[in-house]
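Quick note, in our numbering, the sequence shown goes up one by one and the last residue is 524.
All residues carry an ideal CB built from backbone N, CA and C; glycine is no exception.
Note that the structure is a prediction, hence the values are computed from the model and not measured.
Down below is the structure, laid out as structure tokens.
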Amino acid sequence: MCQTSQLKKSYESAVPSMESSIGTPCSTSTNTAQSFSHNCKSYGRKFVTQIVPWTLLTYFSKEFSLFLPVFQSEAGAQTFVHAGYVYDPDITYFDNTMLTWGTDYAIFILMSVAGISCLRATTNQRPNSPASPSPLEDVTQSRSLRIKSACLLFSYAISVLAGGYAHRTYLSVDDLNTTSFRILWTICVGTVTAAGGFMGACGAEIHMRMNANQKDSNKIRFRMVYVDDVLWTIYGAYLTWVCMRGDMSYTRPACDIFVAGTSQFVPTVYCVLVALSIRWTDATPYMEGQLLSSPAPTPTNAPTQYQKCTQKLDNPASVSMAHSIRRGSRYMFYIGFFLNAPLLPSYPCFVQYTSLSLGVVNALLHMNLTLAWGMQALSLRQFCKALNLVEVGADVDTSEIEIKKQN
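Below is the structure:
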């Protein structure tokens, strides 16, 4: 009897515990579903509140791009004459010399190499370091920026490739009035308008990693609004549609490119402001925010190999993205995104007030274009390499680092 009563008591005590354990997964899944639903609703409300002002900003950018070239000066009004892909032989100018299409092809090669280089920017090690990434580098962290940067540079490459082929192949005004030329030139100009979306997405990715997700407010100079990739897609797609319908077509087809470039004003400003919102260890006085760094604390239970790994990186005191992107790279970032701006007022002055041939003018402007796009490529590649770094003593789990080291 005594044993029977003890068995009964243990059974009765076991049943509630079994019931509670059975109920735990259900409650956990319910909480997960509620959390997911809450996050979706929060994201949806945030997206809706952004879509209306963003639509207005996108429309304003289109109007600004069409207004500024014509009304910037008297030379601009004489140069930017709307054509709508219908070209008049008396006022149409389209160069077919090697100075134009040859430099186009050269830029195509450079931008293709630059795009591939950004895709392969998976390590932040020095050239004489071992080929394998450091255990304190996570190459998956930079994948999004590497893809977006490559898309930006490949869009540049496609633009000049299509432009070079058009300049070499379509030799008369009658050729320009064909459907094939309109398709080819739409590709040439449309990839530049689409590049604005890729450019803004690059800035948004840098903002997300180095500003929005930064828990240490001392590393941030000021907070910015995160612009979702969907909004940048809308921006690039709308301006490309404006290009396709002929609103950016002029009697000098080269003018189309300048108008498309003007549409990149918004993403250009966004990218530069994102970089200026971050505090840097070697900040430029009066322009950038200064990061007052201190040696990062060493994890208490970290293995000896952990300390050896940190010595392989550029700054053994603190493994930080802000340490990795040096002042020279940031200068290239700032200058590269704004360096094409002088081309808009320069082109009308060249063709209206000088005796230079169109081939010479195009070659000069292509040199500036190469320098600007090259600076963008080099600086974005440096940002991609920096995003591979894992910050020590901040948001890192040393056990995860040890696991990556062993694998």
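- By the 10 Å Cβ neighbour count, where 16 or more other Cβ atoms means buried, how is residue 333 classified, buried or exposed? Exposed is the call here.
- Identify whether residue 204 lies in helix, strand or coil by the three-state DSSP scheme. Reduced to three states, the DSSP call for residue 204 is coil.
- Query: What separation, rounded to the nearest whole angstrom, lies between the Cα atoms of residue 405 and residue 445?
  - Reply: Distance between the alpha carbons of residue 405 and residue 445: 13 Å.
- Message: Using only CA atoms, which one of 506, 358, 493 lies nearest to residue 271?
- Response: The residue with the shortest Cα to Cα distance from residue 271 is 493.
- What does residue 367 pair with, by DSSP beta-bridge criteria? For residue 367, which the question treats as bridged, DSSP gives the partners 199.
- Message: Beta-carbon within less than 8 Å of residue 189's beta-carbon, same chain only, minus the 5 sequence neighbours each way: which residues are those?
- Response: By the criterion of a C-beta distance shorter than 8 Å, residue 189 is surrounded in its chain by 461, 462, 465, once the five residues flanking it on both sides are discounted.
- CB contact flag (residue 379, residue 185, <8 Å): Yes. Within cutoff.
- Query: Helix or strand or just coil, what does DSSP make of residue 407?
  - Reply: Correct three-state label for residue 407: strand.
- Indicate the three-state DSSP secondary structure (helix, strand or coil) for residue 506 in the structure shown. Strand at residue 506.
- Looking at C-beta atoms only, is the number of pairs between the segment 474-484 and the segment 201-217 that lie closer than 8 Å three or more? Yes, since at least three Cβ pairs between the segment 474-484 and the segment 201-217 fall closer than 8 Å, the two stretches touch.
- Residues bridged to residue 396 (per DSSP): As computed with DSSP, residue 396 is found in a beta bridge with 406.
- Would a C-beta distance cut-off of 8 Å place residue 396 and residue 337 closer than the cut-off? Going by beta carbons, residue 396 and residue 337 fall inside the 8 Å limit.
- Task: At 4 residues or longer, and completely inside the segment 431-507: list those alpha helix (DSSP H) runs for me, N to C.
- Result: Within the segment 431-507, the runs of alpha helix (DSSP H) that reach at least 4 residues and sit entirely inside it are, in chain order, 438-441, 444-455, 460-470, 475-503.
- Does the distance from the CB of residue 328 to the CB of residue 266 come in under 8 Å? No, the Cβ-Cβ distance between residue 328 and residue 266 is not below 8 Å.
- Message: Just to confirm my understanding: we take residue 298, look at its own chain, exclude 5 residues before and 5 after, and list those with CB closer than 7 Å. What are they?
- Response: Cβ within range, chain order: 283, 287, 292.
- Message: What does DSSP give as the partner residue(s) for residue 337 in the beta ladder?
- Response: Residue 337 is bridged to 395.
- Helix or strand or just coil, what does DSSP make of residue 222? Residue 222: helix per DSSP, three-state reduction.
- Using DSSP with H/G/I as helix, E/B as strand and the rest coil, what is residue 227? Reduced to three states, the DSSP call for residue 227 is helix.
- Message: According to DSSP, simplified to helix, strand and coil, what is residue 266?
- Response: Here residue 266 sits in helix by DSSP.
- Task: Report the rounded CA-to-CA distance for residue 425 versus residue 258, giving the unit in angstroms.
- Result: Residue placement at residue 425 is poorly supported in this model, since its pLDDT is 40, which falls under 50; the coordinates still yield a value, given next. Rounded to the nearest angstrom, the two C-alpha atoms are 22 Å apart.
- Query: Mind checking residue 468: buried by the 16 CB within 10 Å criterion, or exposed?
  - Reply: It counts as buried.
- Count the other C-beta atoms from every protein chain shown that fall within 10 angstroms of the C-beta of residue 484, then say buried if there are 16 or more, exposed otherwise. The residue is exposed, with fewer than 16 neighbouring Cβ atoms inside 10 Å.
- Item | Neighbourhood of residue 503 by C-beta, 7 Å cutoff - its chain only, sequence neighbours within 5 removed | So the list reads 241, 438, 441, 442, once near-sequence residues are dropped.
- What's the gap between the Cα of residue 285 and the Cα of residue 218? Here the alpha carbon of residue 285 sits roughly 6 Å from the alpha carbon of residue 218.
- Message: Quick check: the Cα distance between residue 174 and residue 238, rounded to an integer number of angstroms?
- Response: CA-CA distance, residue 174 to residue 238, rounds to 33 Å.
- Message: Rounding to the nearest angstrom, what Cα-Cα distance links residue 314 and residue 169 in this structure?
- Response: One C-alpha to the other measures close to 17 Å.
- Message: So, for residue 294: in the same chain, excluding its five sequence neighbours on each side, which residues have a beta-carbon less than 6 Å away from its beta-carbon?
- Response: Sequence-distant partners of residue 294 (beyond 5 residues in either direction) whose C-beta falls short of 6 Å from its own C-beta, in its chain, are 204.
- Query: How would you call residue 366, buried or exposed, if buried means at least 16 neighbouring beta carbons within 10 angstroms?
  - Reply: By the neighbour-count definition (other C-beta atoms within 10 Å, threshold 16), residue 366 is a buried residue.
- Query: By Cβ distance below 7 Å, which residues in the same chain neighbour residue 269 in space, the five residues on each side in sequence not counted?
  - Reply: Excluding sequence neighbours, residue 269 sits near 312, 315, 316, 319.
- Message: Any beta carbon of chain D sitting closer than 8 Å to that of residue 196?
- Response: The structure shown contains no chain D; it holds only a single protein chain.
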